[in-house]
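Okay, structure first, notes after.
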Amino acid sequence: MNFLESIQLFVNIVTVPVALITIILMIRQTRQLDETLKSQVYQGLIDNSLRLDQLLIEHPEYRKYIYGNEKFPENGHDADEIMSVLEFVVDVVDNVKAQEKFIPKKALVGWRLYMQHILEQPAIKYFLEKEGHWFTAIIVEKSKSPLLSASKNRKKQKSRNWKMR
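Given below as structure tokens:
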């Protein structure tokens with residue numbers, strides 16, 4: 000065996016373990032990146048939840064519309080402001096629903112119960128009947144729910160009216 004053949008053999012022997020180590024490190028980095036991504040997305044959901052908490056601390060009068068089964072005051076002097084708060088709440092729920100796959104499994108049940116409770120509130124139902132077609136993550140999941148049927152029917156009707164023009 001000459002010198003060049005010896006070097007070629009050495010390179011061949013070293014290349015396989017180096018390639019395996021590289022692959023193992025890439026898999027490890029990919030898993031770490033996945034965990035980092037999940038953590039960052041979940042932190043964003045927590046931040047939105049805390050912003051909602053802060054809003055309700057500053058304006059406790061809105062709490063009854065989000066958690067207390069209070070109907071929407073259609074003729075109230077603050078109806079526009081309440082609609083804005085309800086939109087923010089539904090934005091938070093929509094964001095949670097859209098990012099559900101990043102929520103840790105131990106916390107997922109709690110988040111789902113939270114979303115279910117909010118979506119059952121009369122004021123939220125009223126908002127979704129008026130503007131529910133904006134929130135695709137909720138509509139996809141709740142498509143068979145009577146909660147959004149009026150909103151979906153309104154959207155279909157608008158679509159039909161538009162086509163008829």
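Under numbering that gives the first Met the number 0, read the sequence shown as residues 0 to 164, first letter to last.
Ideal placement from N, C-alpha and C gives every residue a C-beta, glycine not left out.
Since we're looking at a predicted model, the values are computed, not measured.
Proximity below 8 Å, CB of residue i to CB of residue j
i	j	result
Ile117	Ile65	yes
Val84	Leu44	no
Phe134	Asp93	yes
Tyr61	Ile102	no
Tyr125	Phe87	no
Cβ separation of residue i and residue j, assumed to be a contact under 8 Å, to the nearest whole Å
i	j	result
Asn68	Pro121	6 Å
Met114	Lys129	Going by Cβ atoms, the distance from Met114 to Lys129 rounds to 19 Å, so no, they are not a contact pair.
Leu51	Val91	5 Å
Exposure of residue i, with buried meaning 16 or more beta-carbon neighbours within 10 Å
i	result
Val13	exposed
Lys105	exposed
Leu127	buried
Ile123	buried
Gly131	buried
Ile81	buried
Member of the options whose CA lies at the smallest distance from the CA of residue i
i	options	result
Gln39	Val108, Glu119 and Lys100	Lys100
Val89	Thr35, Glu119 and Val17	Glu119
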